[in-house]
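Participant:
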Amino acid sequence: MSTDTSVPHPRLSGLDASDSALFATLLREAPIGFALFDTDLRFKRANETLARLHGVAVTDLEGKKPSEVLPDEFGEIVEGAVRKVVDEDRPVLDVDLQIDGRHWAYSWFPSRAADGAMTGVVLVVVDVTDRVLAETSIRRKEERYRSLVEASSQVVWVTMPTGKVVDDAPEWRAITGQTHEEYAADGWLGAVHTEDRNRIEDAWQACVSGDRIFEATYRIRTRAGGYRNYDVRAVPIRRDGEIVEWVGANTDVTGKREAEEMRGRLTEQLSAAALRTARLQQATSMLAEALTVNQVVAVITEVGRSAIGADRSAVALLDDDKVRLRTITPGGIPELPGPPREEIGIEDASVMSIAVRERRPFLAENPESLRGQIPAEEIDTFARLTDERAWVGLPLLAAGRALGALRFSFTRPREITEEERVFLEALAGQCALAVERATLFEREHKTAEALQRSLLPDQLPQLPSMQLAARYQPATRHVQVGGDWYDAFPLQDNQVAIAIGDVMGKGVKAAAGMGRVRNALRALALNDPRPAAVLSGLDRLFTATEGLEQITTLAYAVIDPATGEGVISNAGHLPPLLIFPDAPPKVSTAEAGTPLGWPSQRHQTKFSVPPGNTVVFYSDGLVENRRRGLDAGLDEIVAIAADAPPEVLADPEILVDFLVDRMLAGYDHDDDVTVLALHVPPKTA
Numbered sequence: 007m008s009t010d011t012s013v014p015h016p017r018l019s020g021l022d023a024s025d026s027a028l029f030a031t032l033l034r035e036a037p038i039g040f041a042l043f044d045t046d047l048r049f050k051r052a053n054e055t056l057a058r059l060h061g062v063a064v065t066d067l068e069g070k071k072p073s074e075v076l077p078d079e080f081g082e083i084v085e086g087a088v089r090k091v092v093d094e095d096r097p098v099l100d101v102d103l104q105i106d107g108r109h110w111a112y113s114w115f116p117s118r119a120a121d122g123a124m125t126g127v128v129l130v131v132v133d134v135t136d137r138v139l140a141e142t143s144i145r146r147k148e149e150r151y152r153s154l155v156e157a158s159s160q161v162v163w164v165t166m167p168t169g170k171v172v173d174d175a176p177e178w179r180a181i182t183g184q185t186h187e188e189y190a191a192d193g194w195l196g197a198v199h200t201e202d203r204n205r206i207e208d209a210w211q212a213c214v215s216g217d218r219i220f221e222a223t224y225r226i227r228t229r230a231g232g233y234r235n236y237d238v239r240a241v242p243i244r245r246d247g248e249i250v251e252w253v254g255a256n257t258d259v260t261g262k263r264e265a266e267e268m269r270g271r272l273t274e275q276l277s278a279a280a281l282r283t284a285r286l287q288q289a290t291s292m293l294a295e296a297l298t299v300n301q302v303v304a305v306i307t308e309v310g311r312s313a314i315g316a317d318r319s320a321v322a323l324l325d326d327d328k329v330r331l332r333t334i335t336p337g338g339i340p341e342l343p344g345p346p347r348e349e350i351g352i353e354d355a356s357v358m359s360i361a362v363r364e365r366r367p368f369l370a371e372n373p374e375s376l377r378g379q380i381p382a383e384e385i386d387t388f389a390r391l392t393d394e395r396a397w398v399g400l401p402l403l404a405a406g407r408a409l410g411a412l413r414f415s416f417t418r419p420r421e422i423t424e425e426e427r428v429f430l431e432a433l434a435g436q437c438a439l440a441v442e443r444a445t446l447f448e449r450e451h452k453t454a455e456a457l458q459r460s461l462l463p464d465q466l467p468q469l470p471s472m473q474l475a476a477r478y479q480p481a482t483r484h485v486q487v488g489g490d491w492y493d494a495f496p497l498q499d500n501q502v503a504i505a506i507g508d509v510m511g512k513g514v515k516a517a518a519g520m521g522r523v524r525n526a527l528r529a530l531a532l533n534d535p536r537p538a539a540v541l542s543g544l545d546r547l548f549t550a551t552e553g554l555e556q557i558t559t560l561a562y563a564v565i566d567p568a569t570g571e572g573v574i575s576n577a578g579h580l581p582p583l584l585i586f587p588d589a590p591p592k593v594s595t596a597e598a599g600t601p602l603g604w605p606s607q608r609h610q611t612k613f614s615v616p617p618g619n620t621v622v623f624y625s626d627g628l629v630e631n632r633r634r635g636l637d638a639g640l641d642e643i644v645a646i647a648a649d650a651p652p653e654v655l656a657d658p659e660i661l662v663d664f665l666v667d668r669m670l671a672g673y674d675h676d677d678d679v680t681v682l683a684l685h686v687p688p689k690t691a
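Going by my numbering, the first residue of the sequence shown is number 7, and it counts up by one from there.
Spelled out as structure tokens, the structure:
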């Protein structure tokens, strides 16, 4: 009995056993892809090469349509071609498909029975990458050859492989007026303008020695004694790999250059106008985001200087009494003799003072123009001492009220065109509106920050065996008070209460909610300081007065400073950061409860702060913003704490600054930040 269990390959009709085996071997081993389809467009047979090419197994192809098994768009292409052969009874040849950077030629042929009837479609796939690359190379060479032929219709010259002239060029000499002897001695270089000669000769010799195509533009002296602009291109001619000569072609581009220069001047003027318009639009957009006066000044001075090419700029605002201009830009105002000053009087003889007093632009194109408009002795002295040679002063007016002035100066005489004047006046108008808005913002922001800080404790408890440090940093992108807060106060039995919370939202409602939670927490803690009891009491308060729309999170702990032992309860607040002297820092893994007022059974867990350890409580503004998610922020604060030097970890005052500075670096500060650190110093001998 035979033990051979392999499946025999089917014999092909018309072939004997040896021919069939040979055919099967070719299909299996040949580096071409092969497939046979029936008239229903399904695979009847395919070889390994085709299957590997498309990243599938041979067994996966059998009985399937190409669109069902081949990846991406290949299935649709193959199936479409098979359908076309079946429908039209003619082959589809040499369809180039790229797979993994190589080119494969796909061809489909009708398969017929002995009586000529179509029985299916045969697909043959051949790797033609080398052929495609060779054709591409030949095509590129042909393009270069055609370019050389086109260039040869111009004035042509020929040199030896060393670059020395060998043949006469009558057409060239007819243009330049060179004699045969002059051309034989100096060649085409003899007619090059003296200012261009050294540059062109060096470039030509570098191309000859470096076997590189030579391309240049230079001026040629003509027979009439004038000069015309020519483009030149020279290429090496090779035979058996060796350069046998250089062929160059020159084209007169004088008319083209003159037209380009004229077009360039017009384009430059149009571009300058378009640039100033774009700059003004850019300034409007940037000023809409500028919140402080310094930010406004930075935008205006940069846009003005880049738009009109000013060398220096200054911005000054009127004081409350409207009698003096106070500079905002660093360095003061270089208006009068002596060092730049921070203030000048509104009645002084200066560019900005006159612009503000007369409420119109002040323009001085040169020192003579300045003296003519300000005939004061000190101006003569100033003009002699400064390197400035032209000045522009612009009043900042908002609703007809003067706010200050802009000043641009140039170290060369400078005429301001009417178009530039219109631009500068529009820029000054935008600046005035932005300054007015920024001044109001800064005033309101300071008021909001003062109100926020008044709701926080004036000082933290001073404990001999435990150190406390806290930071509150308001957001810079809003003026409303927020709901972030912290608290620390002594309890009975020498214990200390620690709390940090966040009332979601901004404005008076959030601040009022913060004040109610803080006061209620203190009252409940004095009656029963246990964290679970305090949070349960706050839940009852929220159910009765606040409602679920006022989302508030809170972490509250009670600790014994003498032992470092304590208990904590968390109502949906972020986990505290734990810092150890001999282990990597981490955030607490204790499960946080629900925010205040949400139905929940409050629990408290034990925790301890051994000597040398630190616990850091914080609000979400420290770890989360519009560009950084919460999980990434928690990972980042752990990494920053791990990199902190020992002297930073030993001082909570330094530690909180260290964490805030590094966590906020590179991010927009769009939320309040609250941090409270508790540190137990190591025991001393």
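We put the CB at the ideal spot given by N, CA and C, even for glycine.
Bear in mind that the values here come from a model prediction, so they are computed numbers and not experimental data.
Around the Cβ of His60, are there at least 16 other Cβ atoms within 10 angstroms (buried) or fewer (exposed)?
Facilitator: Along the sequence shown, read from residue 1 onward, the residue named residue 60 stands at position 54. Burial call: buried.
Participant: Rounded to a whole number of angstroms, what is the C-alpha to C-alpha distance between Ile646 and Pro581?
Facilitator: The residue labelled residue 646 in the question sits at position 640 within the sequence shown. The residue labelled residue 581 in the question sits at position 575 within the sequence shown. Cα to Cα, Ile646 sits roughly 16 Å from Pro581.
Participant: Check whether the region 164-172 and the region 243-257 touch, using three or more Cβ-Cβ pairs below 8 Å as the test.
Facilitator: Verdict: yes, contact present.
Participant: Can you tell me whether DSSP reads Met669 as helix, strand or coil?
Facilitator: Your numbering for residue 669 matches position 663 in the sequence shown. Helix, per DSSP.
Participant: Please give me, in chain order, every unbroken run of the alpha helix (DSSP H) with length at least 4 that falls completely inside the region 195-246.
Facilitator: Within the region 195-246, the complete alpha helix (DSSP H) runs of at least 4 residues are 200-216.
Participant: Provide the residue span of the alpha helix (DSSP H) that contains Ala175, from first to last.
Facilitator: Taking the sequence shown and counting its residues from 1, one reaches residue 175 at position 169. First-last for Ala175: undefined, no H or E at that position.
Participant: Ile334 and Val303: beta carbons closer than 8 Å?
Facilitator: Residue 334 sits at position 328 when you count from the first residue of the sequence shown. Residue 303 sits at position 297 when you count from the first residue of the sequence shown. Yes, the Cβ-Cβ distance between Ile334 and Val303 is below 8 Å.
Participant: Buried or exposed, going by whether 16 or more other CB atoms sit within 10 Å of the CB of Gln468?
Facilitator: Counting from 1 along the sequence shown, the entry for residue 468 is found at position 462. Classification for Gln468: exposed.
Participant: List in chain order: all unbroken alpha helix (DSSP H) runs of 4+ residues lying wholly within the region 67-126.
Facilitator: For the region 67-126, whole alpha helix (DSSP H) runs of length 4 or above, ordered along the chain, are 72-75 and 80-94.
Participant: Would Leu628 and Val573 be called neighbours here (beta carbons separated by less than 8 Å)?
Facilitator: Position 622 of the sequence shown, counted from the first residue, corresponds to residue 628. Position 567 of the sequence shown, counted from the first residue, corresponds to residue 573. Not closer than 8 Å, so no.
Participant: In the DSSP assignment, find the alpha helix (DSSP H) that holds Gly639 and state where it starts and stops.
Facilitator: Residue 639 sits at position 633 when you count from the first residue of the sequence shown. Element bounds for Gly639: Leu636 to Asp649.
Participant: Whose C-beta lies closer than 7 Å to the C-beta of Leu369 among residues of the same chain, with five residues either side of it excluded?
Facilitator: For this step, residue 369 is matched to residue 363 along the sequence shown. For Leu369, where only same-chain residues beyond five positions count, the Cβ hits under 7 Å are Val398 and Ile422.
Participant: Taking the alpha carbon of Asn619 as the point to measure from, which residue in Arg311, Ala577, Ala539 and Pro687 has its own alpha carbon closest?
Facilitator: Within the sequence shown, residue 619 is the residue found at index 613, counting from 1. Closest option to Asn619, Cα to Cα, is Pro687.
Participant: Could you check what DSSP says for Pro401 in three-state terms: helix, strand or coil?
Facilitator: Here residue 401 refers to the residue found at position 395 when the sequence shown is read from its first residue. It is a strand residue.
Participant: Check whether the Cβ atoms of Arg418 and Val681 lie closer than 8 Å to each other.
Facilitator: Along the sequence shown, one-based indexing puts residue 418 at 412. Along the sequence shown, one-based indexing puts residue 681 at 675. No. Outside cutoff.
Participant: Which same chain residues end up closer than 6 Å to Asp543 when comparing Cβ atoms and leaving out the 5 residues on each side of it in sequence?
Facilitator: Start at 1 with the first residue of the sequence shown, and residue 543 comes out as number 537. The question names Asp, yet the displayed sequence has Gly at residue 543. Closer than 6 Å at Cβ, skipping near neighbours: Leu530.
Participant: The beta strand (DSSP E) that contains Gly572, what's its start and end?
Facilitator: Numbered from 1 along the sequence shown, position 566 holds the residue referred to as residue 572. Note, Gly572: beta strand (DSSP E), Glu571 to Ala577.
Participant: Within the chosen definition, does the region 641-656 reach the region 664-675 through at least 3 CB pairs nearer than 8 Å?
Facilitator: Touching, per the Cβ criterion.
Participant: Do Gly507 and Leu560 have their beta-carbon atoms positioned less than 8 Å apart in this structure?
Facilitator: Numbered from 1 along the sequence shown, position 554 holds the residue referred to as residue 560. Numbered from 1 along the sequence shown, position 501 holds the residue referred to as residue 507. Going by C-beta atoms, Leu560 is nearer than 8 Å to Gly507.
Participant: CB-CB under 6 Å to Asp44, same chain, minus the five flanking residues each way: which ones, in chain order?
Facilitator: Taking the first residue of the sequence shown as 1, we reach residue 44 at position 38. Answer for Asp44: Lys50 and Gly126, listed in chain order.
Participant: Could you tell me the alpha carbon to alpha carbon distance between Gly570 and Phe613, rounded to whole angstroms?
Facilitator: Indexing the sequence shown from 1 puts residue 570 at position 564. Indexing the sequence shown from 1 puts residue 613 at position 607. Rounded to whole angstroms, Gly570 to Phe613 spans 9 Å at the Cα level.
Participant: What would DSSP say about Ser625, mapped onto helix, strand or coil?
Facilitator: Translated into the one-based positions of the sequence shown, residue 625 becomes position 619. Coil at Ser625, not helix or strand.
Participant: For Ala119, count the other beta carbons within 10 Å of its own beta carbon; 16 or more makes it buried, fewer makes it exposed. Which is it?
Facilitator: Sequence index remark: in the sequence shown, residue 119 carries index 113 (1-based). Classification of Ala119: exposed, given that the 10 Å Cβ count is below 16.
Participant: Can you tell me which of Ala41, Ala52 and Asn53 puts its alpha carbon nearest to the alpha carbon of Phe115?
Facilitator: As a working mapping, residue 115 is identified with position 109 in the sequence shown. The shortest C-alpha separation from Phe115 is found at Ala41.
Participant: Taking Ile249 as part of the beta strand (DSSP E), name the residues at either end of that continuous run.
Facilitator: Position 243 of the sequence shown, counted from the first residue, corresponds to residue 249. Glu248 to Asp258 is the span of the beta strand (DSSP E), which, as asked, contains Ile249.
Participant: Determine which residues share a DSSP beta bridge with Lys612 and list them.
Facilitator: Residue numbering aside, residue 612 sits at position 606 when the sequence shown is read from its first letter. Answer is Val573.
Participant: Who are the Cβ neighbours of Ala494 in its own chain at under 8 Å, not counting the five residues just before and after it?
Facilitator: Against the sequence shown, residue 494 aligns to sequence position 488. Hits under 8 Å: Pro463, Leu466, Pro467, Leu474, Ala476, Val502, Ala503, Ile504, Ala505 and Leu682.
Participant: How many Å lie between Ile243 and Asp173 at the Cα?
Facilitator: Mapped onto the sequence shown, residue 243 falls at position 237. Mapped onto the sequence shown, residue 173 falls at position 167. Computed Cα separation, rounded: 15 Å.
Participant: Kindly indicate which residue of Pro591, Ile585, Leu324 and Arg229 has the alpha-carbon position closest to the one of Ala438.
Facilitator: Here residue 438 refers to the residue found at position 432 when the sequence shown is read from its first residue. Minimum Cα distance to Ala438 is reached at Leu324.
Participant: Counting only beta-carbon atoms, is Gly410 nearer than 8 Å to chain C?
Facilitator: No chain C appears in this structure, which consists of one protein chain only.
Participant: By a C-beta neighbour count over all protein chains shown, 10 Å radius and 16 as the cutoff for buried, is Ala212 buried or exposed?
Facilitator: Here residue 212 corresponds to residue number 206 of the sequence shown, with the count starting at 1. So Ala212 ends up on the exposed side.
Participant: When DSSP labels each residue in this structure, what does Ser415 get in the three-state scheme?
Facilitator: As a position in the sequence shown, residue 415 is number 409, starting the count at 1. In this structure, Ser415 counts as strand in the three-state DSSP scheme.
Participant: Find out if the Cβ-Cβ distance for the pair Ser113, Asp100 is shorter than 8 Å.
Facilitator: As a first step, residue 113 is located in the sequence shown; it is residue number 107 there, counting from the start. As a first step, residue 100 is located in the sequence shown; it is residue number 94 there, counting from the start. Contact flag set, yes.
Participant: Would you identify the three-state DSSP class for Glu394, choosing helix, strand or coil?
Facilitator: As a position in the sequence shown, residue 394 is number 388, starting the count at 1. Residue state, collapsed to three classes: coil.
Participant: From this set, Val198, Val64, Arg203 and Met358, which residue's C-alpha is nearest Gly232's C-alpha?
Facilitator: The residue you call residue 232 lines up with position 226 of the sequence shown. The candidate whose alpha carbon is nearest that of Gly232 is Val198.
Participant: Which residue's Cα is closest to the Cα of Leu497: Pro567, Phe548, Pro616 and Leu391?
Facilitator: Within the sequence shown, residue 497 is the residue found at index 491, counting from 1. Considering only alpha carbons, the answer is Pro567.
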